[in-house]
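Residue numbers (the working numbering), protein chains in the order written: chain A, 131 to 765; chain B, 8 to 213.
Reading through the structure tokens given below for one structure.
Printed below as a string of structure tokens:
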């Protein structure tokens, strides 16, 4: 137990120190984790052999990431990208494998070894690339999307690869292994399908996938609602984790890739009202595990082998990246990916990836590659991953500025797209806000933490999501980073103030419009930094008061003027009252001073509006004042 | 002639989002040196015009421009409201109302009808200058020097017919001449519009 704590502390400590440092230096978090790994592993020697064990555990981060990727992708979006997925992804895999295969043959490898190496090296690093895209906001660019479809195809292709690779086993390695089997019983993975005939296994696989889709569609909603009604956030977290781990387990049992399974589950749940809450819950785990994964990649670099074969390994790595980049450039030309997007596309995918590492350890266990070669290739893979963040830096600092300059000479496009608005709370108040925004083409994301309210909204086709908007992660996953407006219309006064504080502190670009329950709440929201605050009852009360005046016989237009006058006076007094409320000594906002000030202002208001009738210099009466009766004498 | 003028443009377009011609004039008038641009409908969407603020603006400038599309041979309603409220007795007229004396006043108009419609024989029966006589008289009573309107006729088709860039160009030229106080109303007492005069001006005033 003690050693476990120490290990965990070392890992966390390295990450805590290195990652912010790397980020500050503009290297990105991935390189930070990798460097942290190198420091605690090969350099300082704090951690050693267990790095590989942890790596298997940390690969689960990739699984979670694909779940989140799936959540972002609605089935229709996935269908739309089918051409790019098969075309770009398929061709990339095929061409890269073919080229590497030929080179390996030329270098004197047998065809089975050559093919295995080709397949392993054709894969790129989903973990690094997607993480970096997210960090740098490149996911939505043309280059980012194209790279994503290639990565997705690769992740899916890993599954048939795992199935096909055993056919490439080398007889001589198998013989060695056979002699060892008698002494050491090989570790057998749990499997449902291992001992089934092929047709039964196929049925089991199909049934699992079908079950996943059906359960995701029909069972997840009642489950989430049952959990959400309990109102315990940690149980929701447990549910989310249970879901992802359960799917991963099921997929492993039937011999499919857990990553693919969770990705599919993500796509199925992408339409769910619980999507943002799920994202918010899984996100921190994914981040930590992925970080851990990168650390283990860094820690796993075997410096003795690297030192002994430095020239060969560096040459192989650079050659590999160049080659992959060339294939990608060709594809980019065929698929008409242009300008900075083309650069992003081939720079981001030139590395080998974590699935390559997985396949490498698999090929060793399946006697396809000799151990020594696999070790060397692992270093090549790790090194290429290590170099990737530098390529992103190159893209950021050199490529992008060049294209920006080009763009700058062109006249700026008209910005028609309106920023997205997030509406927290879809009760009676939020609904009106949402309707007006939606009706005028402003995209909104609606959040509420009452399941029944969400149901009612969904029943009338208002797209809304379950979630507690006072949780920072949920606002993040709901897309506050890209939003320009946040409307806070939740009933809970304490929470709404918290939201305003948090958002104004973290997202300075977002304008916060808040509804206040009463005057005290109004002041608190203002104090918390809200850009616009309105008391929920003010306008309706004013309208009713105006109606009352009309019914006493006052002319309707005069009533409008007086209402305007009243509002203007209120606004002027607001500052005074707010100031008094802020500086109340006894800590109670509405102390004696505030109350006496309020009384005084109220009296002023009455005398002002009374005086109106007699005095020309008050604004309401000043309007449309006729000239003096003797005025014509002036001309 | 060395006097440097500051120009106040009061822009009134009740459906600016559908505008073609005024949109371009609008864009050409913002961020020009010594020109203050006020979008009245943007600032007073509920017509609650702030009289003090508007009067101060008038005091701060010496060229006043009404920029608007012609609605029923007159300004859009908010500009009428603006006149009713801001041009008070004792400020703009009357014995002590001399705040506008000596300033220049001009309208920049877009009109749907073609030029030949604004003529005694045309279907609008009056020239543009005749139709705008109420404003000319406002200028007279308030002591402002009236300049004939800068007008775009057939405005609905102007963009499609490629007439806008010339018009915007003349508008910019006129604005510069206004800020440099290089326009002499004496030459324009009989002109129906100021457009011909602007076209004859040198291209880049020093």
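Even glycine gets a Cβ: it sits at the ideal position worked out from N, Cα and C.
* Asked: Which value, in whole angstroms, describes the spacing of the CA atoms of residue 252 of chain A and residue 186 of chain A?
  -> Within the first chain, numbered from 1, the residue matching residue 252 of chain A stands at position 122. Within the first chain, numbered from 1, the residue matching residue 186 of chain A stands at position 56. Residue 252 of chain A and residue 186 of chain A have their C-alpha atoms roughly 21 Å apart.
* Take the Cβ of residue 407 of chain A as the centre, count every other Cβ of all protein chains shown within 10 Å, and call the residue buried at 16 or more, exposed below. => By one-based count along the first chain, residue 407 of chain A stands at place 277. So residue 407 of chain A ends up on the buried side.
* Could you spell out where the alpha helix (DSSP H) holding residue 196 of chain B opens and where it closes? => Translated into positions along the second chain, residue 196 of chain B becomes position 189. No alpha helix (DSSP H) holds residue 196 of chain B; DSSP gives it neither H nor E.
* **Cβ shell of residue 581 of chain A (< 7 Å), same chain only, five flanking positions each side left out** => To locate residue 581 of chain A, count along the first chain from 1; it is residue 451. Contacts found: 355, 358, 359 and 596.
* Buried or exposed: residue 226 of chain A, going by 16 or more other Cβ atoms within 10 Å of its Cβ? -> Within the first chain, the letter at position 96 stands for residue 226 of chain A. The Cβ neighbour count for residue 226 of chain A, taken over all protein chains shown within 10 Å, is at least 16; the residue is labelled buried.
* Residue range of the alpha helix (DSSP H) that residue 701 of chain A falls in? -> As a working mapping, residue 701 of chain A is identified with position 571 in the first chain. According to the DSSP assignment, residue 701 of chain A belongs to the alpha helix (DSSP H) that extends over 686 to 712.
* Asked: According to the neighbour-count rule (16 or more other Cβ atoms, all chains shown, within 10 Å of its Cβ), is residue 240 of chain A buried or exposed?
  -> For the purposes of this step, residue 240 of chain A is identified with residue 110 of the first chain, where counting begins at 1. Residue 240 of chain A should be labelled exposed.
* **Beta-carbon contacts of residue 193 of chain B that lie in its chain and below 7 Å, excluding the five residues immediately before and after** => Residue numbering aside, residue 193 of chain B sits at position 186 when the second chain is read from its first letter. Closer than 7 Å at the Cβ level, and outside the excluded window around residue 193 of chain B, lies no residue.
* Going straight from the alpha carbon of residue 439 of chain A to that of residue 427 of chain A, what length do you get? -> For the purposes of this step, residue 439 of chain A is identified with residue 309 of the first chain, where counting begins at 1. For the purposes of this step, residue 427 of chain A is identified with residue 297 of the first chain, where counting begins at 1. Distance between the alpha carbons of residue 439 of chain A and residue 427 of chain A: 19 Å.
* Asked: Which runs of the beta strand (DSSP E), 3 residues or longer, sit entirely within the region 126 to 204 of chain B?
  -> DSSP runs (the beta strand (DSSP E)) wholly in the region 126 to 204 of chain B: 157 to 159.
* residue 641 of chain A: first and last residue of the uninterrupted beta strand (DSSP E) it sits in -> Residue 641 of chain A sits at position 511 when you count from the first residue of the first chain. For residue 641 of chain A, the uninterrupted beta strand (DSSP E) run begins and ends at 641 to 646, by DSSP.
* Spell out the partners DSSP gives residue 574 of chain A in its beta bridges. => Residue numbering aside, residue 574 of chain A sits at position 444 when the first chain is read from its first letter. Per DSSP, A:551.
* Asked: Does any CB atom of chain A fall closer than 8 Å to the CB of residue 58 of chain B?
  -> Against the second chain, residue 58 of chain B aligns to sequence position 51. True, the Cβ-Cβ gap to chain A drops below 8 Å.
* **is_contact[residue 26 of chain B, chain A] using C-beta, thresh 8 Å** => The residue you call residue 26 of chain B lines up with position 19 of the second chain. Chain A contact via Cβ: absent.
* Asked: Hey, does residue 694 of chain A have any beta-carbon neighbour from chain B nearer than 8 Å?
  -> For the purposes of this step, residue 694 of chain A is taken as the residue at position 564 of the first chain. True, the Cβ-Cβ gap to chain B drops below 8 Å.
* residue 614 of chain A lies in the beta strand (DSSP E); which residues open and close that run? -> Sequence index remark: in the first chain, residue 614 of chain A carries index 484 (1-based). Annotation: the continuous beta strand (DSSP E) that includes residue 614 of chain A extends over 613 to 618.
* **Residues near residue 659 of chain A by beta carbon distance below 8 Å, same chain, minus five either side** => As a working mapping, residue 659 of chain A is identified with position 529 in the first chain. Within its own chain, the residues whose Cβ lies closer than 8 Å to the Cβ of residue 659 of chain A, once the five positions on either side in sequence are excluded, are 630, 631, 634, 635 and 642, listed in chain order.
* Taking any Cβ of chain A, which residues in the region 92 to 106 of chain B have a Cβ under 9 Å from it, in chain order? -> Within the region 92 to 106 of chain B, the qualifying residues are 92, 95, 96, 97, 100, 101, 102 and 104.
* **Buried or exposed by the 16-neighbour rule on C-beta atoms within 10 Å, applied to residue 173 of chain B** => To locate residue 173 of chain B, count along the second chain from 1; it is residue 166. The residue in question, residue 173 of chain B, is exposed, as its Cβ has fewer than 16 Cβ neighbours within 10 Å.
* Asked: Going along chain A in order, which residues have a C-beta closer than 8 Å to the C-beta of residue 29 of chain B?
  -> The residue you call residue 29 of chain B lines up with position 22 of the second chain. Residues of chain A passing the Cβ test: none, with the nearest at roughly 16 Å.
* Asked: So does the region 363 to 376 of chain A actually touch the region 155 to 171 of chain A, counting three or more Cβ pairs closer than 8 Å?
  -> Because the criterion of three Cβ pairs below 8 Å is not met, the region 363 to 376 of chain A and the region 155 to 171 of chain A do not touch.
* **For residue 395 of chain A and residue 200 of chain A, believed in contact at Cβ under 8 Å, the rounded distance** => For the purposes of this step, residue 200 of chain A is taken as the residue at position 70 of the first chain. For the purposes of this step, residue 395 of chain A is taken as the residue at position 265 of the first chain. Their Cβ separation, rounded to whole angstroms, is 7 Å, which keeps residue 200 of chain A and residue 395 of chain A in contact under 8 Å.
* Can you name the residues of chain B whose CB is closer than 9 Å to the CB of residue 754 of chain A? -> Reading the first chain from its first residue, position 624 is the one you call residue 754 of chain A. Near residue 754 of chain A (Cβ distances below 9 Å), the residues of chain B are 91 and 92.
* To do: State yes or no: is the beta carbon of residue 290 of chain A nearer than 8 Å to at least one beta carbon in chain B?
  => Here residue 290 of chain A refers to the residue found at position 160 of the first chain. No, residue 290 of chain A does not count as interfacial toward chain B.
* Closest by CA to residue 77 of chain B, which one among B:96, B:14, B:114 and B:47? -> Numbered from its first residue, the second chain carries residue 77 of chain B at position 70. The alpha carbon of residue 77 of chain B has as its nearest neighbour, out of B:96, B:14, B:114 and B:47, the alpha carbon of B:114.
* Asked: Are there 16 or more other CB atoms within 10 angstroms of the CB of residue 155 of chain B, so buried, or fewer, so exposed?
  -> Locating residue 155 of chain B in the second chain gives position 148, counting from the first residue. Under this definition residue 155 of chain B is a buried residue.
* To do: Would you give the residue range spanned by the beta strand (DSSP E) that residue 15 of chain B belongs to?
  => Looking up residue 15 of chain B in the second chain gives position 8. Counting along the chain, the beta strand (DSSP E) containing residue 15 of chain B begins and ends at 14 to 18.
* For residue 758 of chain A and chain B, any beta-carbon pair shorter than 8 Å? -> By one-based count along the first chain, residue 758 of chain A stands at place 628. Judged by the 8 Å Cβ criterion, residue 758 of chain A is in contact with chain B.
* Give me whichever residues DSSP pairs with residue 252 of chain A in a beta bridge. => Here residue 252 of chain A is taken as the residue at index 122 of the first chain, counted from 1. In the DSSP output, where bridge partners are listed per residue, residue 252 of chain A has none listed.
* To do: With 7 Å as the C-beta to C-beta threshold (strictly closer), list the residues of the region 43 to 75 of chain B near chain A in chain order.
  => Under the 7 Å Cβ criterion, the region 43 to 75 of chain B contributes 55 and 58.
* Asked: residue 519 of chain A lies in the alpha helix (DSSP H); which residues open and close that run?
  -> For this step, residue 519 of chain A is matched to residue 389 along the first chain. Here the alpha helix (DSSP H) through residue 519 of chain A covers 501 to 524.
* What separation, rounded to the nearest whole angstrom, lies between the Cα atoms of residue 388 of chain A and residue 480 of chain A? -> Mapped onto the first chain, residue 388 of chain A falls at position 258. Mapped onto the first chain, residue 480 of chain A falls at position 350. Straight-line Cα distance between these residues: approximately 25 Å.
* To which residues of the same chain is residue 97 of chain B closer than 8 Å at the C-beta, ignoring the five residues directly before and after it? -> Position 90 of the second chain, counted from the start, is the residue given in the question as residue 97 of chain B. 103 and 104, listed in sequence order.
* Asked: Helix or strand or just coil, what does DSSP make of residue 45 of chain B?
  -> The sequence position of residue 45 of chain B within the second chain is 38, counting from 1. In the structure shown, the three-state DSSP call for residue 45 of chain B is strand.
* By a C-beta neighbour count over all protein chains shown, 10 Å radius and 16 as the cutoff for buried, is residue 442 of chain A buried or exposed? -> Numbered from 1 along the first chain, position 312 holds the residue referred to as residue 442 of chain A. It counts as exposed.
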